[in-house]
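Peer 1: Structure in structure tokens, see below.
Protein chains: 2
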Amino acid sequence: MLDAFWAPSSVAVVGASKSPGKVGNRILANLIECGYEGEIVPVNPAATEIMGRRCYPNLAAYGRPVDLAVVVVPRAGVMDAVRDCVAAGVKALVVITAGFKEVGAEGAALERELVSVCRSHGVRLIGPNCLGLLNTATKLNASFAKEWPTRGHISFVSQSGALVSAILDYAVLHGLGISKMISMGNKADVDENDLIHALSQDDDTRVIVGYLESIMDGNRFLRIAETAASRKPIVIFKSGVTQAGVRAASSHTGSLAGADIAYGAAFRRAGVIRAETFEHMIDYAMAFAMQPLPKGNRVAVITNAGGPGIMAADAVEQTGLVMSSLTPATADVLRKHLPPAASVANPVDVLGDADPERYAMAVRMALQDSQVDMVLVLLTPQAVTQVVETAEAVASAADGSKPVLVSFMGGRDVAPAVRLLMERNIPNYPSPERAVQVLYAMHQYVAWLKRPPRVIMRFPVNRRRAERIIERHLRMGQFQVGEVAAKDILRAYDFNVPPGAHALTTDEAVEAAERIGYPVAMKIVSRDIIHKSDIGGVRLNLDSPEAVRDAFDLMMVRIRQRVPEARLEGVYIEKMCPRGREVILGMVRDPQFGPMLMFGLGGIFVEVMKDVTFHIAPITRDEARQMLEGTRSYALLMGARGQARVDVDAIAESLQRISQLVTDFPEIQEMDINPFIVGPVGGVSLAADARITLRPRRKG
Amino acid sequence: MLDAFWAPSSVAVVGASKSPGKVGNRILANLIECGYEGEIVPVNPAATEIMGRRCYPNLAAYGRPVDLAVVVVPRAGVMDAVRDCVAAGVKALVVITAGFKEVGAEGAALERELVSVCRSHGVRLIGPNCLGLLNTATKLNASFAKEWPTRGHISFVSQSGALVSAILDYAVLHGLGISKMISMGNKADVDENDLIHALSQDDDTRVIVGYLESIMDGNRFLRIAETAASRKPIVIFKSGVTQAGVRAASSHTGSLAGADIAYGAAFRRAGVIRAETFEHMIDYAMAFAMQPLPKGNRVAVITNAGGPGIMAADAVEQTGLVMSSLTPATADVLRKHLPPAASVANPVDVLGDADPERYAMAVRMALQDSQVDMVLVLLTPQAVTQVVETAEAVASAADGSKPVLVSFMGGRDVAPAVRLLMERNIPNYPSPERAVQVLYAMHQYVAWLKRPPRVIMRFPVNRRRAERIIERHLRMGQFQVGEVAAKDILRAYDFNVPPGAHALTTDEAVEAAERIGYPVAMKIVSRDIIHKSDIGGVRLNLDSPEAVRDAFDLMMVRIRQRVPEARLEGVYIEKMCPRGREVILGMVRDPQFGPMLMFGLGGIFVEVMKDVTFHIAPITRDEARQMLEGTRSYALLMGARGQARVDVDAIAESLQRISQLVTDFPEIQEMDINPFIVGPVGGVSLAADARITLRPRRKG
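Structural data, given as structure tokens:
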């Protein structure tokens with residue numbers, strides 16, 4: 000699909016240069032020196048020969064078809080060069096040259112023109128403003144990077160060219176095997192979505208790793224990444240997490256959902272493994288590329304010293320993995336082959352004088368043990384430790400049936416062993432904690448792979464009715480939908496809402512109360528008033544006609560005094576809600592990833608403890624349950640502290656109904672049901688208050 | 000103090016050996032090869048000469064005084080060897096030999112004998128079962144480690160010999176400068192406390208770093224570490240954090256306080272910088288040894304690429320440090336010297352083609368800027384980057400006025416630069432995140448250094464009265480102090496407690512209620528009933544003589560039915576408490592560090608959210624306030640969500656009173672005041688329920 004980029008049969012360097020130090024020189028040299036076996040075509044009108052190869056004034060002059068063109072001419076010449084390339088029928092273009100979108104409006108205009116020329120000819124474009132790309136499988140180095148890594152199965156996509164340099168430099172020192180490395184630059188055409196999709200179908204790539212500062216199209220990302228992650232692991236390090244700041248929001252849900260939370264929810268949904276730091280990114284990449292996936296969460300640790308064993312066990316327990324209980328059979332064999340002072344429990348301590356065979360035996364036993372899902376081998380370079388030989392023995396014992404990670408701790412002595420381990424596809428980590436973090440990421444990915452099929456429930460609802468209400472508001476330019484209308488919409492989606500009626504006069508209010516039955520609540524109705532209770536617009540527990548009458552008259556007088564400019568539209572008389580556990584259900588539409596549902600326990604849990612979870616809609620029943628279980632306060636719903644267990648299924652179903660509502664109506668920008676009162680299991684749950692914010696309908 | 004260990008004028012190797020591969024051979028060779036300039040005395044009855052040096056059958060035969068003896072004879076010969084050494088007047092002993100406490104009871108007995116022989120002669124002992132020690136300042140390598148590090152100012156003490164090997168191996172590869180390295184082995188005599196104390200007075204040591212699995216004497220540690228930390232930073236990596244499990248506890252406080260929480264509280268109190276992982280330990284050590292402390296929390300970042308700059312800014316904001324706003328003057332100079340495309344805001348982007356001078360200029364400007372407290376320099380090895388020259392330029396620009404850390408990201412290309420930076424005392428970290436974590440640790444340490452003087456308030460209390468009650472319980476073997484007596488103790492320490500009276504009959508109960516005033520609560524009194532409300536032993540809001548009478552009779556009948564074996568001692572009639580914010584105040588005595596005070600908001604906050612803080616008693620007013628502020632729910636006390644602000648000073652004072660009480664009475668093992676009802680500011684706060692657990696008084 001993007002094959003022309005990494006497996007072209009010919010590559011032109013447009014702007015190839017004779018002068019060492021120039022980018023156009025470096026790229027041509029890289030192509031030649033790294034051993035690319037296709038045709039290499041230098042293009043430069045000012046030269047007839049570069050590095051012993053004939054140089055052409057343009058691609059037309061070359062006369063034969065070219066798959067990939069790398070453009071490095073100065074910015075002023077880029078458009079002409081690109082036109083020349085597309086005219087000559089190139090399939091793929093990499094524009095190295097900078098000075099486009101990243102420098103302002105003029106550059107952005109030029110960049111749009113570039114894209115439009117390419118698209119009109121069906122040519123894909125990487126860049127501009129990038130380092131280029133490389134593919135070790137085809138020995139293609141179409142970049143001006145200084146280093147050429149070992150062949151391997153990690154493919155990197157990076158929004159930062161500098162980071163590509165750093166990773167290559169790292170890879171070269173540590174023998175990290177790379178398949179493809181793509182610097183995306185300004186992502187004018189080809190972006191992370193295209194690359195993730197293409198790499199997911201590339202057999203040479205075992206893990207896709209990305210460094211991203213932004214995502215171009217959130218919805219497409221969700222679709223593509225989820226499909227790709229089902230085929231192979233995707234590790235993404237997303238920076239800029241604290242930049243976005245708090246967005247303007249009119250709901251609780253909106254004010255709690257930062258951009259980083261949206262990325263987190265999107266990655267979780269799509270099965271993307273999130274690297275929290277640069278080092279984790281490389282740590283995860285190594286293991287996924289080199290080792291099989293674990294089948295469960297039980298870790299066996301083998302060590303030649305107590306301290307590192309404790310560190311590993313600490314880390315295992317802290318992440319939520321489990322230290323295996325080795326089977327008695329394994330313990331017996333270990334006891335037979337290890338000195339009496341050795342520990343045959345987990346961590347298995349093979350002692351400070353362990354020779355390579357002792358290590359190998361312990362690794363083999365752990366791999367055979369049915370109680371073990373992953374093996375972590377630790378080594379400290381002690382007086383008699385044969386470091387390299389032990390590395391060799393461990394690598395030979397690892398049979399690919401279960402993941403084996405190692406942490407050979409130290410520096411000078413262990414360096415050759417670490418190198419050997421990398422060559423033998425056993426990833427080494429500088430500390431036990433780092434290795435355990437990787438095991439945890441592997442386990443999490445497997446858990447995602449095993450998730451049940453995503454079945455989105457479609458409830459029978461009165462969609463037309465909701466549509467009419469929304470329509471009416473939009474027509475009147477009323478983007479805030481007040482409680483009464485919001486509850487009408489919820490009713491249409493089969494939420495339980497307390498019975499209520501709109502009343503314009505004192506008499507109507509009393510009539511409504513009589514009909515509904517006491518006690519009732521009275522709430523002011525006014526499109527100009529959002530926070531009703533702040534200005535005395537809510538009265539509760541009115542239990543007689545007199546109380547209703549007094550409340551109505553008083554409310555009208557007082558609110559007219561307090562908010563003279565508000566247009567009052569009477570009151571809403573509503574049956575008092577039963578008491579129950581209050582939760583908040585909400586949604587805010589993320590500009591990147593669309594509707595994000597929120598759940599939290601009401602009041603302090605949301606406002607003070609920020610104990611909420613988010614999930615991208617539409618959601619399944621399982622995902623709705625996960626949202627509940629993801630809060631720290633979940634135990635309260637399940638009956639902690641002797642309280643009655645509440646109807647968590649009712650909450651989960653309500654979240655699914657909100658999911659359906661906001662999927663049906665992209666016009667809904669934000670909404671809160673706050674509080675949603677949850678009844679006992681089998682009882683009634685109610686949306687006690689609600690607010691919806693609309694946005695102008697999209698054209699087209 | 001322990002000078003004989005690291006600056007001896009002569010060293011004996013008792014058990015020196017001719018056979019390569021033997022520990023006694025390695026140690027002698029290490030002493031000779033590393034250049035120790037004092038007298039080296041091989042001792043071995045089976046040899047007359049080893050490595051060209053005269054060998055003695057014992058120290059008596061040597062005839063001259065020896066400062067330090069390193070014992071490596073087989074276990075069976077250790078006692079004799081040690082007796083020979085102390086008889087010959089050695090000042091300090093290192094016993095390398097293993098097979099003592101770590102192998103069981105017999106070894107432990109032998110170890111005790113060893114210690115007793117040493118102590119009776121005033122000789123200090125390191126080990127047994129250790130790797131030995133080294134001191135680069137005196138070129139003393141009295142260990143069997145394979146590696147000899149560069150001279151520097153980090154001193155390590157380790158409870159794991161294997162970890163010493165790993166750190167030395169790391170140090171040798173990375174040029175990490177070490178002053179002293181001590182393997183403590185079984186810590187039979189010299190332990191971490193002795194070493195921290197001694198190293199705090201050692202001018203060659205700039206930072207004390209410890210790897211610990213346990214602490215021998217918690218109280219002494221607190222005292223010594225706090226004094227030492229006032230002189231120089233102490234970094235400790237404590238493993239075994241999840242091992243301890245939950246201890247048996249009869250109070251809320253007890254069940255929430257794991258051993259790791261106690262270590263955390265102890266380190267916080269003593270100003271010890273806690274390393275969460277092995278890598279953090281080394282990361283922190285480097286910076287503290289090589290760079291000055293920051294004066295504030297404002298970070299300037301200088302980078303040659305956007306991506307790493309964003310990573311650093313993310314990390315800065317996440318830790319709670321602050322990205323500096325550079326002064327306009329700085330920005331002007333930067334603008335003048337940097338290309339137009341460069342960013343002169345923070346992060347300062349010197350661009351991908353930055354030469355060494357551009358970096359140096361930016362570093363100098365940041366160091367001069369009054370808005371900057373610390374400088375972080377990032378580099379990616381791009382096409383034209385002069386990596387080593389830039390390292391040199393940055394090192395020269397760093398003038399020691401403010402901490403300068405660097406992260407040269409990559410591998411092969413940056414390796415020589417990293418080496419040079421280490422030599423020039425500029426610590427390098429593999430990623431921006433790691434460096435920022437270090438800056439944060441430095442800032443935290445400085446905050447601790449600047450803490451106000453610790454003044455412990457002594458409240459005038461009726462200590463005698465509390466003592467009598469405790470005395471009475473202990474005499475009767477009653478270690479659970481029930482509500483009534485516990486409240487008497489609290490009253491003696493001037494807590495507000497609701498008025499109440501003990502009543503044995505229906506009539507007495509009514510009389511008490513009349514005297515106290517309605518409404519009242521009635522609570523069963525029985526030494527055999529701990530959870531009163533579970534068995535119907537609590538009735539609230541009794542508002543008339545009839546209600547009291549009915550409640551008393553019913554309670555007696557029912558409890559006799561439900562808990563026939565309980566000895567009933569009447570009821571406690573108590574004035575109903577006013578409503579208010581409920582908090583829980585508690586204490587549990589940690590076996591290592593003594594009384595740990597706990598604070599949390601009542602109910603779900605403690606039981607479900609585990610939102611509590613701990614501090615080691617005695618505490619100051621500031622520390623009490625920090626305990627409140629350290630909870631996530633603190634905002635609720637300060638009037639979040641429109642609630643009245645409560646009297647936080649009353650809580651803080653109560654914590655100080657508990658602190659005084661539990662310091663006065665080591666017999667108090669655990670206590671809870673739950674709930675403590677906090678009134679409005681200036682109002683009344685009350686200990687509404689209380690429970691105290693005693694422990695048998697210590698002999699002597």
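Sequence lines, in order, name chains R and G. According to numbering that gives the first Met the number 0, numbering within the first sequence proceeds without interruption in unit steps and concludes at 699. According to numbering that gives the first Met the number 0, numbering within the second sequence proceeds without interruption in unit steps and concludes at 699. The beta-carbon is built from N, C-alpha and C at its ideal position, and this holds for glycine as well.
Restricting to Cα atoms, I'd like to know which of R:CYS84, R:ARG74, R:ILE572, R:GLY602 is closest to R:TYR55.
Peer 2: R:CYS84
Peer 1: Along chain R, which residues have their Cβ under 8 Å away from the Cβ of G:GLY239?
Peer 2: ILE309, ASP313
Peer 1: State the DSSP-derived secondary structure class of R:GLU32, mapped to helix, strand or coil.
Peer 2: helix
Peer 1: Say whether chain C places a C-beta atom closer than 9 Å to the C-beta of R:PRO431.
Peer 2: Annotation note: the requested chain C is absent from the structure, which comprises protein chains R and G.
Peer 1: Give the residues from the stretch 379-410 of chain G that approach chain R closer than 7 Å (Cβ to any Cβ), ordered along the chain.
Peer 2: Hits within the stretch, in order: THR379, PRO380, GLN381, ALA382, MET408, GLY409, GLY410.
Peer 1: Taking buried to mean at least 16 other C-beta atoms within 10 Å of its own C-beta, is G:ASN134 buried or exposed?
Peer 2: buried
Peer 1: Tell me which residue opens and which closes the alpha helix (DSSP H) that R:LEU627 is part of.
Peer 2: Membership of R:LEU627 in the alpha helix (DSSP H) is indicated by the continuous run 620-628.
Peer 1: Quick one: which chain G residues come within Cβ less than 8 Å of R:VAL417?
Peer 2: Correct list: empty, because the minimum Cβ distance to chain G is about 11 Å.
Peer 1: Rounded to the nearest angstrom, what separates G:VAL570 and G:ARG462 at their Cα positions?
Peer 2: 27 Å
Peer 1: Could you please give the first and the last residue of the uninterrupted alpha helix (DSSP H) stretch that includes R:PRO307?
Peer 2: Bounds of the alpha helix (DSSP H) holding R:PRO307 are 305-318.
Peer 1: Going by C-alpha to C-alpha distance, which of R:ARG357, R:VAL587, R:HIS120, R:GLY308 sits closest to R:VAL332?
Peer 2: Distance check between R:VAL332 and each of R:ARG357, R:VAL587, R:HIS120, R:GLY308 places R:ARG357 closest, using alpha-carbon atoms only.
Peer 1: So, is the C-beta of R:VAL22 closer than 9 Å to a C-beta in chain G?
Peer 2: yes
Peer 1: Any idea what DSSP makes of R:ASN57, helix, strand or coil?
Peer 2: coil
Peer 1: Would G:ASP348 be called buried (16 or more neighbouring beta carbons within 10 Å of its own) or exposed?
Peer 2: Residue environment: G:ASP348 is assigned as buried (16 or more neighbouring CB atoms within 10 Å of its CB, all protein chains considered).
Peer 1: Could you round the C-beta distance between G:ASN424 and G:VAL405 to whole angstroms and report it? I think they count as a contact, below 8 Å.
Peer 2: G:ASN424 to G:VAL405, Cβ: 11 Å. No contact.
Peer 1: Should G:PRO338 be labelled buried (16 or more other beta-carbon atoms within 10 Å of its own) or exposed?
Peer 2: Label assigned to G:PRO338: exposed.
Peer 1: May I ask you to report which of helix, strand or coil DSSP gives R:GLY160?
Peer 2: helix
Peer 1: Let me confirm a value: R:LYS449 is counted as buried when at least 16 other C-beta atoms fall within 10 Å, else exposed. Which label applies?
Peer 2: exposed
Peer 1: Between which two residues does the beta strand (DSSP E) carrying R:PRO594 extend?
Peer 2: 593-600
Peer 1: Using 8 Å for Cβ pairs, my map puts R:VAL374 next to R:ILE301. What's the rounded Cβ distance?
Peer 2: 7 Å
Peer 1: By the DSSP assignment, the alpha helix (DSSP H) with R:MET554 in it spans what residues?
Peer 2: Counting along the chain, the alpha helix (DSSP H) containing R:MET554 begins and ends at 544-561.
Peer 1: Are R:LEU167 and R:ALA144 touching if we call contact CB-CB under 9 Å?
Peer 2: yes
Peer 1: Look at the alpha carbon of R:ASP190 and the alpha carbon of R:LEU1, and state the distance between them as a whole number of angstroms.
Peer 2: If you draw a straight line from the Cα of R:ASP190 to the Cα of R:LEU1, it comes to about 11 Å.
Peer 1: Taking all protein chains shown into account, do 16 or more other C-beta atoms lie within 10 angstroms of the C-beta of R:ALA502, making it buried, or fewer, making it exposed?
Peer 2: With a threshold of 16 other beta carbon atoms within 10 Å, R:ALA502 meets it and is buried.
Peer 1: Just the C-alpha distance for G:SER238 and G:ALA45, rounded to the nearest angstrom, thanks.
Peer 2: 42 Å
Peer 1: Kindly list the residues whose CB is nearer than 7 Å to the CB of R:ALA274, restricted to its own chain and excluding five residues on each side of it in sequence; keep chain order.
Peer 2: For R:ALA274, the CB contacts under 7 Å within the same chain, skipping 5 residues up- and downstream, are VAL234, ILE235, PHE236, MET280, TYR283 in chain order.
Peer 1: For R:VAL680, is the classification buried or exposed, using 16 other Cβ atoms within 10 angstroms of its Cβ as the cut-off for buried?
Peer 2: Classification for R:VAL680: exposed.
Peer 1: Let's test the definition: count the other Cβ atoms within 10 Å of the Cβ of R:GLU278 and tell me whether it reaches 16, buried, or not, exposed.
Peer 2: buried
Peer 1: For R:GLN436, does the three-state DSSP call read helix, strand or coil?
Peer 2: helix
Peer 1: Quick check: the Cα distance between G:VAL122 and G:ALA91, rounded to an integer number of angstroms?
Peer 2: The straight-line gap from Cα to Cα measures roughly 6 Å.
Peer 1: State yes or no: is the beta carbon of R:PHE276 nearer than 9 Å to at least one beta carbon in chain G?
Peer 2: Reading off the sequence shown, one finds Thr at residue 276 of chain R, where the question assumed Phe. For R:THR276, the answer is yes, since a Cβ of chain G falls inside 9 Å of its Cβ.
Peer 1: Grab me the residues of R:VAL343's own chain with a C-beta within less than 6 Å of its C-beta, minus the 5 sequence neighbours each way, in chain order.
Peer 2: ALA330, LEU333, ARG334
Peer 1: Check each residue of the stretch 576-605 of chain R: if its Cβ is closer than 8 Å to any Cβ of chain G, include it; give the result in chain order.
Peer 2: GLY602, ILE603
Peer 1: Using a Cβ-Cβ distance under 9 Å, would G:HIS173 count as near chain R?
Peer 2: By this cut-off, G:HIS173 is an interface position.
Peer 1: Quick check on R:THR619: buried or exposed, where buried means 16 or more other Cβ atoms within 10 Å of its Cβ?
Peer 2: buried
Peer 1: Just how far apart, CA to CA, sit R:ALA550 and G:ARG559?
Peer 2: 52 Å
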